[in-house]
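Undergrad:
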Amino acid sequence: MAQSGLDLFPYTRMRRMRRDDFSRRLMSENTLTVADLIYPVFVLEGTNCREPIPSMPGIERLSIDLLVEEAKQLHALGIPAIAIFPVTPSDKKSLMAEEAYSPDGLAQRTVKALKAACPELGVITDVALDPFTVHGQDGIIDDTGYVMNDITTEILIKQALSHADAGADVVAPSDMMDGRIGAIRDALEEAGHIHTRIMAYSAKYASSYYGPFRDAVGSAGNLKGADKKTYQMDPANSDEAIREIALDLQEGADMVMVKPGMPYLDVVKRVKSEFGVPTFAYQVSGEYAMHKAAIDNGWLAEKPVVMESLLAFKRAGADGILTYFAKQAAIWLNEQ
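Read in order, the letters of the sequence shown are residues 1148 to 1483 in our numbering.
#1: State buried or exposed for HIS1222, treating a residue as buried only when at least 16 other CB atoms are found within 10 Å of its CB.
#2: Taking only the alpha-carbon atoms, compute the straight-line gap between GLY1314 and MET1174 and give it to the nearest angstrom.
#3: Whole angstroms is fine: what's the gap from LEU1480's alpha carbon to ASP1238's?
#4: Just the Cα atoms here: how many angstroms apart are VAL1418 and TYR1378?
#5: Rounded to the nearest angstrom, what separates ALA1473 and THR1180 at their Cα positions?
#6: For SER1210, count neighbouring Cβ atoms within 10 angstroms of its own Cβ and tell me buried if that reaches 16, exposed if not.
#7: Taking contact to mean at least 3 C-beta pairs separated by less than 8 Å, is the region 1313-1329 in contact with the region 1359-1370?
#8: Helix, strand or coil for GLU1216? Go by DSSP, reduced to three states.
#9: Give the list of continuous beta strand (DSSP E) stretches no shorter than 3 residues that lie fully inside the region 1211-1271.
#10: Going by alpha carbons, who is nearest to LEU1213 out of PRO1201, ALA1428, ARG1197, GLY1225?
#11: Mind reading off the beta-carbon distance from ARG1344 to ASP1401? Whole number of angstroms is fine, and I expect it under 8 Å.
#12: Please state the DSSP three-state secondary structure of VAL1431.
#13: Where ARG1390 and VAL1281 are concerned, what is the direct C-alpha to C-alpha distance, given to the nearest angstrom?
#14: Mapping the DSSP letters down to three states, classify ASN1177 as helix, strand or coil.
#15: Taking the straight line between their C-alpha atoms, what separation do you get for GLY1225 and GLN1483?
#16: Quick one, are the C-beta atoms of PHE1189 and ALA1363 less than 8 Å apart?
#17: Quick check on this structure: which residue in ALA1230, GLU1216, GLY1286 has the alpha carbon closest to the alpha carbon of ASP1374?
#18: Compare the beta carbon distance of ASP1290 and GLN1284 with 8 Å and say whether it is the shorter of the two.
#19: Looking at C-beta atoms only, is the number of pairs between the region 1440-1452 and the region 1411-1431 that lie closer than 8 Å three or more?
#20: Assuming MET1324 contacts ASN1296 (C-beta within less than 8 Å), just tell me the rounded distance between them.
#21: Using only alpha-carbon positions, find the residue among ASP1386, MET1203, PRO1410 that is nearest to SER1355.
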């Protein structure tokens, strides 16, 4: 004989609400929309140039003219913003990363072209020095190869200002130097860029999932097997991420980022639960490459797996997702 009580079987049958599509939809706790997507793009010098990235099948480096056309398509799909990453020619790289803040640099020219052609599309720029240094590190190094914090921050300020001057809507420091968010915020305010938002890569881990990205921007060869463990976070740590988030918010960050994404959804959840601020996650190049390899080999079904992976970010609490699947996901979402 069945026991009484609302929480006991058969009075409670959890499968009742799962039986039909309409009831599953009514009780769905999280929803993925096009408004949740940010598309990272790689830009290179030249005209009418596109280069495939072997470790990221389906993703290409584009010259500014082709990227502008791509941006128009992305905007038409409803994607709110793109994040641009420049591919710096080797002859423009240096020990002091001067090209990072050149007003005529590739990133700066790209921002101007994008905002002129598609002003309503949000443009996010990467504030970091690794594409511009001969050694591939995110900052200026001393004689031992150690990345020096304060002198690096001075250059990051110049880089962020050059992006804001070009018209960037959001500057995104991804370098993990201490104190750089406050320094950049002060500089932006002083220069009159009071509306320029800061998306801080606050919890960026020293991850092994970044390999294809470094191929894409041409910094992998410069690193020559070195790592970034003295400034990016230890994958073992979660409490440390909360401290980093708190500091960046105190220094003036408008949004915070956890990177990589799926292996760190617990961190995303903690950040959103503890701070309640705009929280973003980056489904990085290694995550994309793994999915694509399995999909291209026929081991996983593309659409359901990609959409499930993106929904997981929303369930964890992410307000937005940087993902190389953004364009395809937007197409699928618009078809629904």
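We treat Cβ as the ideally placed atom computed from N, Cα and C, and that holds for glycine.
TA: Based on what the coordinates show:
#1: As a working note, residue 1222 is residue 75 in the sequence shown. By the neighbour-count rule (16 or more Cβ atoms within 10 Å), HIS1222 is buried.
#2: Taking the first residue of the sequence shown as 1, we reach residue 1314 at position 167. Taking the first residue of the sequence shown as 1, we reach residue 1174 at position 27. Taking the straight line joining both Cα atoms gives about 42 Å.
#3: As a working note, residue 1480 is residue 333 in the sequence shown. As a working note, residue 1238 is residue 91 in the sequence shown. If you take the alpha carbons of LEU1480 and ASP1238, they lie about 42 Å apart.
#4: In the sequence shown, the residue the question calls residue 1418 occupies position 271. In the sequence shown, the residue the question calls residue 1378 occupies position 231. Distance between the alpha carbons of VAL1418 and TYR1378 is about 20 Å.
#5: Taking the first residue of the sequence shown as 1, we reach residue 1473 at position 326. Taking the first residue of the sequence shown as 1, we reach residue 1180 at position 33. Taking the straight line joining both Cα atoms gives about 11 Å.
#6: Locating residue 1210 in the sequence shown gives position 63, where the first residue counts as 1. So SER1210 ends up on the buried side.
#7: no
#8: Position 69 of the sequence shown, counted from the first residue, corresponds to residue 1216. Here GLU1216 sits in helix by DSSP.
#9: 1228-1233
#10: For the purposes of this step, residue 1213 is taken as the residue at position 66 of the sequence shown. Of PRO1201, ALA1428, ARG1197, GLY1225, the residue nearest in Cα terms is ARG1197.
#11: Working through the sequence shown from its first residue, we reach residue 1344 at position 197. Working through the sequence shown from its first residue, we reach residue 1401 at position 254. Confirmed, Cβ separation roughly 4 Å.
#12: The residue labelled residue 1431 in the question sits at position 284 within the sequence shown. Looking at VAL1431 - three-state DSSP - the assignment turns out to be coil, as it is neither helix nor strand.
#13: By one-based count along the sequence shown, residue 1390 stands at place 243. By one-based count along the sequence shown, residue 1281 stands at place 134. Computed Cα separation, rounded: 32 Å.
#14: For the purposes of this step, residue 1177 is identified with residue 30 of the sequence shown, where counting begins at 1. ASN1177: coil per DSSP, three-state reduction.
#15: Numbered from 1 along the sequence shown, position 78 holds the residue referred to as residue 1225. Numbered from 1 along the sequence shown, position 336 holds the residue referred to as residue 1483. Roughly 14 Å separates the two Cα atoms.
#16: Here residue 1189 corresponds to residue number 42 of the sequence shown, with the count starting at 1. Here residue 1363 corresponds to residue number 216 of the sequence shown, with the count starting at 1. Closer than 8 Å, so yes.
#17: Here the question's residue 1374 lines up with position 227 in the sequence shown. Considering only alpha carbons, the answer is GLY1286.
#18: By one-based count along the sequence shown, residue 1290 stands at place 143. By one-based count along the sequence shown, residue 1284 stands at place 137. If you check the CB distance, ASP1290 and GLN1284 do not come in under 8 Å.
#19: With contact defined as three or more Cβ pairs closer than 8 Å, the region 1440-1452 and the region 1411-1431 are not in contact.
#20: As a position in the sequence shown, residue 1324 is number 177, starting the count at 1. As a position in the sequence shown, residue 1296 is number 149, starting the count at 1. With 8 Å as the limit, MET1324 and ASN1296 qualify as a contact, their Cβ atoms being about 5 Å apart.
#21: One-based indexing of the sequence shown puts residue 1355 at position 208. Answer by Cα proximity: PRO1410.
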